[in-house]
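Some notes on the structure that comes next.
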Amino acid sequence: MQCLHAFVSGRVQGVWFRQSTVETALAHGLSGWVRNLEDGRVELMAKGDEHGLMLLEAWLSIGPELATVAEVKSQWIDNSSNFEGFEVL
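Just so we're aligned: 60 in the numbering used here is position 78 of the sequence shown, and the numbers increase by one with no gaps anywhere.
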C-alpha cells in the first residue's frame, strides 16, 4: 500500500472540494482523510494502490466544478496508519 499526502491551494474551500475528494477516493478504493486548513488550502492523506492514488492525484489538479485549483503539492510517503473509509476531518 502506498500513501499520498497532498496540499491543494486556490479556490478550494466552500466549493464541495472535500466531499468530492471523498467520493473520488472511494471510487478508486482508497482510504484516508481530507480537511480544510486555516490558510485556505485543503490537506489530504490517502492510502491505497498506486494506480488509485495516481488517479486521485491527477483529479486534485482539477477538483470539482466550482473549484479553481492553483497548485497541488504532493508527496508519496511511508505511512503505517490504517485508515477506515475516507473521512472529512
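Ideal placement from N, C-alpha and C gives every residue a C-beta, glycine not left out. From a predicted model like this one, the values you see are computed outputs, not experimental measurements.
Taking C-beta separations shorter than 6 Å and ignoring five residues to either side along the sequence, the partners of E25 in its chain run F(-11), R17 and L19, following chain order. Three or more Cβ pairs closer than 8 Å define a contact, and the stretch -7 to 1 falls short of that threshold against the stretch 55 to 67. Taking every protein chain shown into account, the CB of L48 has fewer than 16 other CB atoms within 10 angstroms, so this residue is exposed. Taking the CA atoms as reference points, D60 sits about 16 Å from G34.
Out of K55, E39 and V51, the CA that lies nearest to the CA of V(-6) is found in V51. By the 16-neighbour rule on beta-carbons within 10 angstroms, V70 is exposed.
The DSSP assignment places -1 to 9 and 32 to 42 as complete runs of the alpha helix (DSSP H) inside the stretch -9 to 46, in order along the chain (cut-off: 4 residues). Under the DSSP assignment, A52 falls in the beta strand (DSSP E) whose first and last residues are T50 to I59.
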